[in-house]
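Here the protein sequences come in this chain order: A and B.
Residue numbers are given in the UniProt record's numbering: position 293 of the first sequence equals residue 293, and the series is strictly consecutive.
Residue numbers are given in the UniProt record's numbering: position 278 of the second sequence equals residue 278, and the series is strictly consecutive.
The beta-carbon is built from N, C-alpha and C at its ideal position, and this holds for glycine as well.
There are 2 protein chains.
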Amino acid sequence: MTRRGASSVPDLVARARDGEAAAVARLITLVETDSPVLREVMAALRAHTGRAHVLGITGAPGVGKSTSTNALVAALRADGRRVGVLAIDPSSPFSGGALLGDRVRMGDHALDPEVYIRSMGARGHLGGLARSTPQAVRVLDAAGCDVVVVETVGVGQSEVEVAGLADTTLVLLAPGMGDGIQAAKAGILEIGDVYAVNKADREGADRTRRELRTMLSMAERPEGAWRPPVVQTVASTGEGIDGLLAEVDRHAAWLAESGELARRRTDRARSEVEAIALAAVRERWERAGGSDLHALAERVARGDVDPYAAADEIVAGT
Amino acid sequence: MTRRGASSVPDLVARARDGEAAAVARLITLVETDSPVLREVMAALRAHTGRAHVLGITGAPGVGKSTSTNALVAALRADGRRVGVLAIDPSSPFSGGALLGDRVRMGDHALDPEVYIRSMGARGHLGGLARSTPQAVRVLDAAGCDVVVVETVGVGQSEVEVAGLADTTLVLLAPGMGDGIQAAKAGILEIGDVYAVNKADREGADRTRRELRTMLSMAERPEGAWRPPVVQTVASTGEGIDGLLAEVDRHAAWLAESGELARRRTDRARSEVEAIALAAVRERWERAGGSDLHALAERVARGDVDPYAAADEIVAGT
Numbered sequence: 001m002t003r004r005g006a007s008s009v010p011d012l013v014a015r016a017r018d019g020e021a022a023a024v025a026r027l028i029t030l031v032e033t034d035s036p037v038l039r040e041v042m043a044a045l046r047a048h049t050g051r052a053h054v055l056g057i058t059g060a061p062g063v064g065k066s067t068s069t070n071a072l073v074a075a076l077r078a079d080g081r082r083v084g085v086l087a088i089d090p091s092s093p094f095s096g097g098a099l100l101g102d103r104v105r106m107g108d109h110a111l112d113p114e115v116y117i118r119s120m121g122a123r124g125h126l127g128g129l130a131r132s133t134p135q136a137v138r139v140l141d142a143a144g145c146d147v148v149v150v151e152t153v154g155v156g157q158s159e160v161e162v163a164g165l166a167d168t169t170l171v172l173l174a175p176g177m178g179d180g181i182q183a184a185k186a187g188i189l190e191i192g193d194v195y196a197v198n199k200a201d202r203e204g205a206d207r208t209r210r211e212l213r214t215m216l217s218m219a220e221r222p223e224g225a226w227r228p229p230v231v232q233t234v235a236s237t238g239e240g241i242d243g244l245l246a247e248v249d250r251h252a253a254w255l256a257e258s259g260e261l262a263r264r265r266t267d268r269a270r271s272e273v274e275a276i277a278l279a280a281v282r283e284r285w286e287r288a289g290g291s292d293l294h295a296l297a298e299r300v301a302r303g304d305v306d307p308y309a310a311a312d313e314i315v316a317g318t
Numbered sequence: 001m002t003r004r005g006a007s008s009v010p011d012l013v014a015r016a017r018d019g020e021a022a023a024v025a026r027l028i029t030l031v032e033t034d035s036p037v038l039r040e041v042m043a044a045l046r047a048h049t050g051r052a053h054v055l056g057i058t059g060a061p062g063v064g065k066s067t068s069t070n071a072l073v074a075a076l077r078a079d080g081r082r083v084g085v086l087a088i089d090p091s092s093p094f095s096g097g098a099l100l101g102d103r104v105r106m107g108d109h110a111l112d113p114e115v116y117i118r119s120m121g122a123r124g125h126l127g128g129l130a131r132s133t134p135q136a137v138r139v140l141d142a143a144g145c146d147v148v149v150v151e152t153v154g155v156g157q158s159e160v161e162v163a164g165l166a167d168t169t170l171v172l173l174a175p176g177m178g179d180g181i182q183a184a185k186a187g188i189l190e191i192g193d194v195y196a197v198n199k200a201d202r203e204g205a206d207r208t209r210r211e212l213r214t215m216l217s218m219a220e221r222p223e224g225a226w227r228p229p230v231v232q233t234v235a236s237t238g239e240g241i242d243g244l245l246a247e248v249d250r251h252a253a254w255l256a257e258s259g260e261l262a263r264r265r266t267d268r269a270r271s272e273v274e275a276i277a278l279a280a281v282r283e284r285w286e287r288a289g290g291s292d293l294h295a296l297a298e299r300v301a302r303g304d305v306d307p308y309a310a311a312d313e314i315v316a317g318t
């Protein structure tokens with residue numbers, strides 16, 4: 001435990017479940033920083049998780065992710081639901097992870113005790129998001145959030161990651177962000193459960209929506225599969241946000257009815273467990289032979305050994 | 001070996017080194033598909049690698065990456081250099097990896113025997129790009145390419161990956177892709193060695209360049225460190241491309257003189273070896289207990305066990 005406050009893990013979990021924001025924040029810090037008590041925290045949270053709906057929000061820079069998250073949080077609060085928000089920022093040397101303070105990002109909700117907001121840096125290392133975000137989601141889930149929103153910058157790999165974390169993945173687009181082929185290149189067509197064309201008051205919004213629908217309709221989906229809806233929003237004014245939330249809720253209901261929720265969560269748990277186990281193996285290598293690894297890498301870089309042969313040496317030493 | 005052609009690995013490598021495009025293509029397929037002869041291929045390539053300069057090109061969708069790659073390839077060819085291009089597409093259900101044929105993407109160079117072009121799908125799985133792209137780079141390197149261009153869609157995680165692969169990372173921006181804060185959110189400020197504001201004939205290009213320079217100048221860099229230049233280009237007309245290439249070459253020269261090239265390549269080899277070794281461990285888990293892993297994931301999803309305790313079970317069984 002941290003010395004300040006001197007709370008035990010069970011005590012922190014109890015306070016988080018009572019809705020104490022400081023306890024929630026402390027627990028997220030503990031899971032984010034690979035604290036020595038991480039395992040104890042995870043064990044203590046276990047019995048209280050699985051209730052929250054996890055909504056991933058992604059899209060290219062500039063589509064209005066923060067504004068849309070803000071508007072969705074307002075709609076969820078108007079509906080009386082408790083909300084957690086995890087905003088993932090790729091690490092930046094200028095920000096140390098989170099570029100803007102939470103209050104700046106989510107100014108409308110900073111003082112609402114039923115909304116937990118947390119910026120998480122991906123810390124530059126590959127798979128960092130994959131490793132600590134699920135644990136932070138568990139904290140917010142255990143703290144009684146009805147919905148946990150995971151907002152991530154990015155297109156490509158990190159999008160695939162957020163889709164892996166979420167029960168429902170919302171993909172945002174905006175008019176004029178490039179044509180349909182660009183959208184497809186960004187790999188977004190495979191991951192969305194719900195699509196929103198934001199900035200729908202701008203020129204080209206109808207075209208973007210039409211193109212997106214056409215491309216989505218080209219995918220072969222089995223009978224009974226979910227067909228991702230496309231809605232239009234103007235997040236800055238709140239226009240279309242209630243409709244968007246209705247589609248998210250409809251998807252949540254479909255997930256539960258179809259059995260897909262259990263399947264997704266099992267897949268997610270599997271990736272999570274694998275990621276933790278792989279990290280443990282990697283740490284063992286670092287501890288056991290950090291300098292060996294460096295010497296081996298130098299030999300590979302010089303062309304004295306090929307990378308597969310080098311990897312065999314490491315695995316043999318596991 | 002594949003039955004068609006019935007070439008041995010040493011024969012394929014010899015033919016690739018002689019500049020035979022079909023042999024290069026076959027070798028890339030072998031390393032991309034985790035073929036049983038992958039290890040043999042890597043061992044055979046080892047002695048012939050380390051000469052090519054690896055240029056990573058990245059940026060958000062719509063900035064003109066393919067057009068810029070095309071223009072840079074033209075400039076490199078005009079200079080008499082042999083070029084390899086790896087275009088990374090996140091997998092898409094609509095494309096099976098590569099959305100457009102190589103000829104469509106890089107039409108100007110499709111018939112030039114001194115240019116190898118290959119689209120690679122990231123195959124949806126995490127770390128897929130990290131695993132097979134370095135091997136494909138080695139194939140092109142061994143085939144005598146002076147420059148290997150790795151063009152990747154994406155912002156965020158996959159950008160960090162491309163920076164990990166490249167000797168020189170070129171980050172493209174375009175005017176009107178969102179303000180400076182958006183650029184910083186996308187994590188691009190930490191990875192570029194050279195920046196180009198493409199579509200410099202459009203409104204806002206000067207502002208984008210100015211903002212970018214200001215943000216770059218805020219980073220603390222030690223004495224003697226490389227200071228990333230910002231150039232302006234109109235890739236569609238070729239304007240500014242020679243100047244861009246000159247900056248890339250200047251960076252290549254700096255890398256060699258400063259000793260940074262060896263350091264980067266050692267770091268890269270280390271990540272590569274670790275990724276291969278981790279994949280081997282993971283495959284061992286799958287083979288040894290794929291169904292155990294699924295049962296364990298179901299228990300985690302149901303909340304019967306926490307993910308860290310589950311991971312301990314797997315690691316203990318390694």
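Q: For B/M42, go through chain A and note every residue whose CB falls closer than 7 angstroms to its CB, in chain order.
A: D306, P307, Y308
Residues of the region 44 to 60 of chain B in Cβ contact with chain A at a cutoff of 9 angstroms, in chain order, please.
A44, L45, R46, A47, H48, T49, G50, A60
Examine the Cβ distances between the region 50 to 62 of chain B and the region 133 to 153 of chain B and report whether three or more of them are shorter than 8 angstroms.
-> yes
Q) Would you say A/R213 reaches chain B, if we count a Cβ-Cβ gap shorter than 8 angstroms as a contact? A) no
Does the beta carbon of residue 327 of chain A come closer than 8 angstroms to any beta carbon on chain B? As displayed, chain A neither begins before 1 nor continues past 318, which places residue 327 of chain A out of reach and without an answer.
>> Using beta carbons (cut-off 8 angstroms, strictly below), is A/T233 in contact with chain B?
In response: no
*Verify the CB distance criterion: does B/L170 have a CB-CB separation below 8 angstroms to chain A?*
no
Original post:
Any chance the region 27 to 46 of chain B sits against the region 198 to 208 of chain B, with 3 or more Cβ pairs inside 8 angstroms?
Top reply: no
Open item on the list: So with CB distances below 8 angstroms, who are the chain C contacts of A/A71?
Closed with: Annotation note: the requested chain C is absent from the structure, which comprises protein chains A and B.
Checklist entry - CB-CB under 7 angstroms to B/A23, same chain, minus the five flanking residues each way: which ones, in chain order? => result L12, R15, A16
Span of the alpha helix (DSSP H) holding A/A309?
307 to 316
| Does the distance from the CB of B/V248 to the CB of A/A280 come in under 8 angstroms? | no
Beta carbon of B/V230 nearer than 8 angstroms to that of B/R213
yes
- prompt: Listing by chain order, which chain B residues have their CB less than 8 angstroms from the CB of A/R210?
  reply: Within chain B, no residue comes near A/R210; the closest Cβ sits about 16 angstroms away, beyond 8 angstroms.
- Item | Under the three-state DSSP convention, the category B/I117 falls into | strand
(message) Less than 7 angstroms separating the Cβ of A/G259 from some heavy atom of the ligand SAH?
(response) With respect to small molecules bound, the structure shown includes none, and the ligand SAH cannot be examined in it.
Backbone secondary structure at B/T152 - three-state DSSP:
strand
Checklist line | Contact under 8 angstroms by Cβ, B/L265 with A/A295 | finding: In the sequence as displayed, the identity of residue 265 of chain B is Arg instead of Leu. No, these two residues do not count as a Cβ contact at 8 angstroms.
Check the Cβ of B/T266 against every Cβ in chain A and list those closer than 9 angstroms, keeping chain order.
H294, A297, E298, V300, A301, R302
Interfacial residues, the region 15 to 43 of chain A to chain B, with Cβ spacing under 8 angstroms: L38, R39, M42, A43
If you draw a straight line from the alpha carbon of B/L278 to that of A/R77, how long is it in whole angstroms? 43 angstroms
### Contact list for B/A280 against chain A, beta-carbon separation under 8 angstroms
A311, D312, V315
field: Among B/I241, B/A44, B/R263, B/R82, nearest to B/P10 - alpha-carbon criterion
entry: B/A44
Q) Whole-angstrom Cβ separation of B/A52 and B/V147, contact assumed at under 8 angstroms? A) 6 angstroms
Where does A/T29 sit, in a helix, a strand or coil, going by DSSP?
helix
B/G303 versus A/A142, A/R210, A/E313, residue with shortest Cα-Cα distance: A/A142
- prompt: Residues of chain A with CB under 7 angstroms from B/A166, in chain order?
  reply: None at all; the shortest Cβ gap to chain A is about 14 angstroms.
Comparing alpha-carbon positions, which option in B/E313, B/I188, B/A71, B/N70 lies nearest A/P61? B/I188
Original post:
Do you know whose CA, among B/E40, B/R81, B/V63, lies nearest B/T135's CA?
Top reply: The amino acid occupying residue 135 of chain B in the given sequence is Gln; Thr does not appear at that position. When each option's Cα is compared against that of B/Q135, the closest is B/E40.
Does B/T58 come out as helix, strand or coil in the three-state DSSP assignment? strand
Report the three-state DSSP secondary structure of B/G84 (helix, strand or coil).
-> strand
ask   = CB B/L86 to CB B/L244, shorter than 8 angstroms?
value = no
Check A/T233 in the structure and name its three-state DSSP category. coil
Would you mind giving the Cβ-Cβ distance between B/L216 and B/V63, rounded to the nearest angstrom? I have them listed as a contact below 8 angstroms. Going by Cβ atoms, the distance from B/L216 to B/V63 rounds to 17 angstroms, so no, they are not a contact pair.
A/V171 to A/P228 span [Cα, whole Å]: 10 angstroms
Nearest CA to the CA of A/E20: which residue from A/A196, A/R287, A/P113, A/G164? A/P113
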